[in-house]
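Asker: In this text, residue positions in the sequence shown follow the numbering used here: the first is -5, and each later residue adds one.
Positions of the beta carbon are idealized from the N, C-alpha and C atoms, including for glycine.
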Amino acid sequence: MTETIVAENGPQEQVTAKKYKIEHNKPNCIGCAACAAVAPDFWTMNEDGKSDIVGCKKRDDEWEELDVDEDNFKVNKEAADSCPVNVIHIVNKETGEKII
Ligand code: F3S
C-alpha cells in the first residue's frame, strides 16, 4: 500500500520568507512615473497611465502588492519616497510596522 502525500502549502510559504510587503494604492496613483524611474526593476508604467508593481498580486480593491526581501527593500523605499502623492506603502511583515 503506497500513498503519495502532496504538501498543501503553496511554494511561496516554503521558500525563504520575505520580510516586507510593498503596497500600491493604484486607484489614487496619478501616473507621475517617479517610481518607475527610481526602481525600474519593480515599477513599470501601464497603458492606463498609472504604474504597476512588476509581478504583483492584484487585489479586489485594485491595490497591488508584492512581497520583497531585505535586499530589495531600499530601492522600493526610494520609489515610495519619490511618489508625490504617497500611494506606495511598505509594511514590515514581521513586526507589522508601517514604514511608509
Ligand atoms: Fe503613481 Fe506615485 Fe508612481 S503617482 S506612477 S505610484 S510615483
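Candidates Ala30, Arg53, Ala74: which alpha carbon is nearest lysine 44's?
Answerer: With distances taken between Cα atoms, lysine 44 lies closest to Ala30.
Asker: Whole angstroms is fine: what's the gap from isoleucine 93's alpha carbon to lysine 20's?
Answerer: Whole-angstrom Cα-Cα distance: 18 Å.
Asker: Which full runs of the beta strand (DSSP E) of 3+ residues lie inside the region 2 to 79, going along the chain?
Answerer: The region 2 to 79 contains these whole beta strand (DSSP E) runs: 14 to 18, 37 to 39, 45 to 47, 58 to 62.
Asker: Taking only three categories from DSSP, how would you classify valine 81?
Answerer: Three-state result, valine 81: coil.
Asker: Less than 8 Å between C-beta atoms, sequence neighbours within five positions excluded: which residues of the same chain meet that for tryptophan 37?
Answerer: Closer than 8 Å at Cβ, skipping near neighbours: Cys29, Ala30, Ser45, Asp46, Ile47, Val48, Ala73.
Asker: Quick check on asparagine 87: does DSSP put it in helix, strand or coil?
Answerer: Checking the sequence, you will find lysine at residue 87 rather than asparagine. Reduced to three states, the DSSP call for lysine 87 is coil.
Asker: State yes or no: is the C-beta of glycine 49 nearer than 7 Å to some heavy atom of ligand 1?
Answerer: Result no, Cβ not under 7 Å from ligand 1.
Asker: Taking 7 Å as the cut-off, is the beta-carbon of glycine 90 closer than that to any non-hydrogen atom of ligand 1?
Answerer: Because no heavy atom of ligand 1 lies under 7 Å away, the Cβ of glycine 90 does not count as near it: no.
Asker: Which residue wins for smallest C-alpha separation from asparagine 66, given the options Glu56, Pro34, Asn40, Ile24?
Answerer: If we check each option's Cα against that of asparagine 66, Pro34 comes out closest.
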